[in-house]
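Right, one structure below, let's go through it.
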Amino acid sequence: MGPRPRMTLERRYEALSWRGKLSEAAIARKLRVARRTIHCLFKKYEETRSAADKKGRGRKRLTTQQEDRMLIRKSLYNRRATSRQLAEEMQKMTGKQLSTTTVKTRLLEAAPYRQNRKRRLLWARAHKTWTVQQWQTVMFTDESRFSLVSDKPVHVQRRRGERFNKDCIAPTMKHGGVV
């Protein structure tokens, strides 16, 4: 079972409004939270004069903005580099050991993928009210590609507008017929 959801700021101030009028136990029962939660809230309010959470919570970023830009430049210079290769290269340059997840996260933060997500959402909303007759005029295709040789997919980092840039295209071998 996971942790309970945090009290909202409104509920915290509601509890503070009953302070002095009701006991901690009565306030806890009324809000359906643990008595210890109310006790800690009152103690925190006495120290800070605020019921809001402290700023700066969470794990600190391992990379600086300058290192993020350096990582992005490296990925654009060698578009076929894996996140592991980029992490190793960054460790050589900065001395910081980055995980592959950190590298992927930094590249996704800089990528325009959010734009694609917005466009897909707009398209879905525009076609939400289509009738069955309208959908019958649409042809959905399922294309399968079979290869006689082993070819692993090559992932390429690219920016908006670079779709047909020769640096962003991985050559493939096409086969005729069905296997």
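Numbering-wise (the working numbering), the sequence shown opens with residue 1 and increments by one. Every residue, glycine too, gets a C-beta built ideally from N, C-alpha and C.
Q: Within its chain, find whatever has a CB closer than 6 Å to the CB of E24; leave out the 5 residues flanking it on each side and keep chain order.
A: Residue mapping note: residue 24 aligns to position 24 of the sequence shown, counting from 1. Taken in chain order, the residues that qualify are R35, I38, H39.
Q: Could you check what DSSP says for R117 in three-state terms: helix, strand or coil?
A: The sequence position of residue 117 within the sequence shown is 117, counting from 1. Residue state, collapsed to three classes: helix.
Q) Excluding the five sequence neighbours on either side, which residues of its own chain have a C-beta within less than 8 Å of the C-beta of K74, listed in chain order? A) One-based indexing of the sequence shown puts residue 74 at position 74. Closer than 8 Å at the Cβ level, and outside the excluded window around K74, lie A81, L86, E89, M90.
Q.
Count Cβ pairs between the segment 57-64 and the segment 94-101 that sit closer than 8 Å; are there 3 or more?
A. Enough Cβ pairs lie closer than 8 Å, so yes.
Q | C-beta contact flag for C168 and R106 at 8 Å | A | Sequence index remark: in the sequence shown, residue 168 carries index 168 (1-based). Sequence index remark: in the sequence shown, residue 106 carries index 106 (1-based). Pairing C168 with R106 gives a Cβ-Cβ distance that is not under 8 Å.
Q: Express the C-alpha separation of T102 and R84 in angstroms, rounding to a whole number.
A: Along the sequence shown, read from residue 1 onward, the residue named residue 84 stands at position 84. Along the sequence shown, read from residue 1 onward, the residue named residue 102 stands at position 102. The straight-line gap from Cα to Cα measures roughly 10 Å.
Q.
In the DSSP output, which residue or residues are listed as bridge partners for R19?
A. Position 19 of the sequence shown, counting from 1, holds the residue named residue 19. According to DSSP, R19 bridges with L22.
Q.
Can you find the residues in the same chain that come closer than 6 Å, C-beta to C-beta, to T137, ignoring five residues on each side of it along the sequence?
A. On the sequence shown, position 137 is the one that residue 137 refers to. Same-chain partners within the cutoff: there are none.
Q: Within the same chain, show all residues whose beta-carbon is closer than 6 Å to that of R158, passing over the 5 residues directly before and after it, in chain order.
A: As a first step, residue 158 is located in the sequence shown; it is residue number 158 there, counting from the start. Cβ contact annotation for R158 (same chain, cutoff 6 Å, sequence separation greater than five): C168, in chain order.
Q) How would you label A28, buried or exposed, when you count the other beta carbons within 10 angstroms and need 16 or more for buried? A) On the sequence shown, residue 28 is found 28 positions in, with the first residue counted as 1. Flag for A28 reads buried.
Q. CA-CA distance, R19 and L9?
A. Residue numbering aside, residue 19 sits at position 19 when the sequence shown is read from its first letter. Residue numbering aside, residue 9 sits at position 9 when the sequence shown is read from its first letter. Cα to Cα, the separation comes out at about 16 Å.
Q) Taking R6 as the reference, which of A52, E67, N116, K43 has the closest Cα? A) To locate residue 6, count along the sequence shown from 1; it is residue 6. Ranked by Cα distance from R6, the first of A52, E67, N116, K43 is A52.
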